[in-house]
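Undergrad:
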Amino acid sequence: MPAHHHPARKKFTRFASKQPFQFGLPNVSPDLVQASDNSPAYLTRTTSLLRQQVLANAPSVKIISDTIFPDVLARNAWADTDFDRKRVLFLIPDDAIGDCVGMALFLRAFAAKYPRAKIAVLNSGSASDIFATLPDIAIFQLFVSTKRLKTFDFLIDFSEMEGWKNIATMPVNPEEALCEAFGIAPIPLASERSPKLSPGAKIGILPMASSPLRTLPPELVRETTEVLAKSGFEVTLILNTYQGVMKKYKDTIGSFDEPNIRIVDGFKTIGNLVSFISEQDYVVLADSGPAHITKLFQTPGIGIYSSASAGILQGRHQNLLPWQSTYKGDFCEAPCGLAKLRATVSGTIGCMGSLGVPVSELINLPVNSDKSLAERLVTEKPVPCVADLVAKKEPFFAFLRSDLGI
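Take 1 as the starting number for the sequence shown in UniProt numbering and just add one per residue.
1) Give the DSSP-derived three-state secondary structure of K381 in the structure shown.
2) Cβ atoms of V386 and R214: under 9 Å apart, would you say?
3) At a cut-off of 8 Å, would you count Y42 as near the ligand MN, judging by its Cβ distance to the nearest heavy atom?
4) Rounding to the nearest angstrom, what Cα-Cα distance links T81 and V28 in this structure?
5) So the beta strand (DSSP E) P322 belongs to, where does it begin and stop?
6) For the beta strand (DSSP E) that P7 lies in, which residues bound it at each end?
7) Which residue's Cα is closest to the Cα of K340: T146, C351 and F12?
8) What are the start and end residues of the beta strand (DSSP E) that includes K268?
9) Once you ignore the five residues that flank Q22 on each side, which residues in its own chain have a CB closer than 8 Å to its CB?
10) For A201, which option in V235, C100, R51 and K250 has the closest C-alpha, if you only look at C-alpha atoms?
11) Can you tell me whether T13 is helix, strand or coil according to DSSP?
12) If I follow the unbroken beta strand (DSSP E) through I203, where does it start and stop?
13) Does the distance from the CB of R14 to the CB of A41 come in under 9 Å?
14) With DSSP run on the structure shown, which of helix, strand or coil describes I119?
15) Please report the straight-line C-alpha distance between L107 and P186, rounded to a whole angstrom.
16) Assuming the contact rule is C-beta atoms closer than 8 Å, V101 and K295 should be a hit. Round their C-beta distance to whole Å, please.
17) Among I119, F131 and L389, which one has its Cα closest to the Cα of D99?
18) Hey, how far is the Cα of K18 from the Cα of D370?
19) State buried or exposed for L50, treating a residue as buried only when at least 16 other CB atoms are found within 10 Å of its CB.
20) Report the residue ranges of all alpha helix (DSSP H) runs contained in full by the segment 205-238; include only those spanning at least 4 residues, in chain order.
21) So, is K196 buried or exposed, given that buried needs 16 or more other C-beta atoms within 10 angstroms?
22) Does the count of Cβ pairs from the segment 84-100 and the segment 154-162 closer than 8 Å reach three?
23) Tell whether a beta-carbon distance below 9 Å holds between I184 and K250.
24) Could you tell me how far apart the beta carbons of C332 and G311 are, in whole angstroms, since I believe they sit closer than 8 Å?
25) Whole angstroms is fine: what's the gap from V345's alpha carbon to N364's?
26) Relative to the C-alpha of P217, which candidate in S275, G254 and S194 has its C-alpha closest?
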């Protein structure tokens, strides 16, 4: 193994196929579908949907090994390596939208420093459309052929970035972490933020997050939508059809009579979501993937934060004005830093505030999902820091009106 190289942290599967094949995730744009290239073998993450659900039952496929650890450039060599004119394949550890936006922003900075380098990503999965916002990038959403793998000068495992091991429970800003690790300056941002809008401007509201800790309360969502519609804006409320709680959440928000309010249950692909955000004049959203997508276009708006810190999640980006829950209770205060719900040793799911226990008693992530609990948390009984957003709704509306000049 060359100096400054070591095995990747994540396991890959090497497989061969007797027949040509193509594959793409249903929530990824069709033009990013992958096809085989007559290579003798291919690599995919051992935990990928392709390996777990497709290859296992494909008669023309032979699994060669489930314990492949590709040779990658060690973390301590990232900043000292000259990537000029090199072909670099970045291994994406997870396809969470927010994390991948940060990685994509880093790759913009990487491309600016090394304009003659050739960049590719592997295992981008559902977030492939995020990386497709970069020009001249090769995207291997789920697999790469050994033929193509041999063409790269370097493989880099992004899971070696600072803080990644704990990202499931504590937020990390991948753009800043990676720029620091590579010794690369982030791309410059627009210095002006001009959210003052005329009637008829397009405003998107995106209130749902992957966790009840961060999904906005229906009462606040409904009243925000009405405030903006009454001011003459074209308002689109975007939900997430892939989330099991969506129907209950939508029913709780209720319908609207105003002709300038549109409700969309969700988008088929992340690419559709990216396009929508790029077309908005202003957004109001929860701490979620769409809030991070606004960084790609510097879309102005307000980000509403509960358990997580706006400072960590927004980083240097100032396009969203932060509105932070100010809840303070006996066992926690916002922002506590949790990204997801936790579980006690006995399996009770919640957070410090909702369960009335210290964080030391919530050391585990939930093992099983509980749809009825999730529905209650996003509709009837939100966790305290989210409920506090409703209690403080009038100051929020004043904040929103001031930003828009209405």
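Each residue gets a CB set at the ideal place from its N, CA and C atoms; glycine is no exception.
TA: In brief:
1) It is coil, neither helix nor strand.
2) Contact flag set, yes.
3) Ligands displayed in this structure: none; no statement on the ligand MN is therefore possible.
4) Between T81 and V28, the C-alpha separation is close to 33 Å.
5) From DSSP, the beta strand (DSSP E) with P322 extends over L320 to Q324.
6) It spans H5 to P7 - the beta strand (DSSP E) in which P7 sits, taken as one unbroken run.
7) The alpha carbon of K340 has as its nearest neighbour, out of T146, C351 and F12, the alpha carbon of C351.
8) Taken as a continuous stretch (DSSP letters only), K268 belongs to no beta strand (DSSP E), as it is neither H nor E.
9) V33, Q34, A35 and S36.
10) The residue with the shortest Cα to Cα distance from A201 is V235.
11) In the three-state DSSP reduction, T13 falls in the strand class (E or B).
12) Boundaries of the beta strand (DSSP E) around I203: K202 to L206.
13) Result yes, Cβ atoms of R14 and A41 sit closer than 9 Å.
14) Strand at I119.
15) Whole-angstrom Cα-Cα distance: 9 Å.
16) So it is a contact: roughly 6 Å between Cβ atoms.
17) Of I119, F131 and L389, the residue nearest in Cα terms is F131.
18) In this structure, the straight-line span from the alpha carbon of K18 to that of D370 is close to 42 Å.
19) Buried is the call here.
20) Counting whole runs of 4 or more residues, the segment 205-238 contains the alpha helix (DSSP H) stretches 218-230.
21) With fewer than 16 other Cβ atoms within 10 Å, it is exposed.
22) In this structure the segment 84-100 lies against the segment 154-162, because at least three pairs of beta carbons, one per stretch, are closer than 8 Å.
23) In this structure, the beta-carbon distance from I184 to K250 does not fall below 9 Å.
24) Rounded, the Cβ-Cβ distance is 18 Å, inconsistent with contact.
25) Between V345 and N364, the C-alpha separation is close to 7 Å.
26) Distance from the Cα of P217 is smallest, within the candidate group S275, G254 and S194, for G254.
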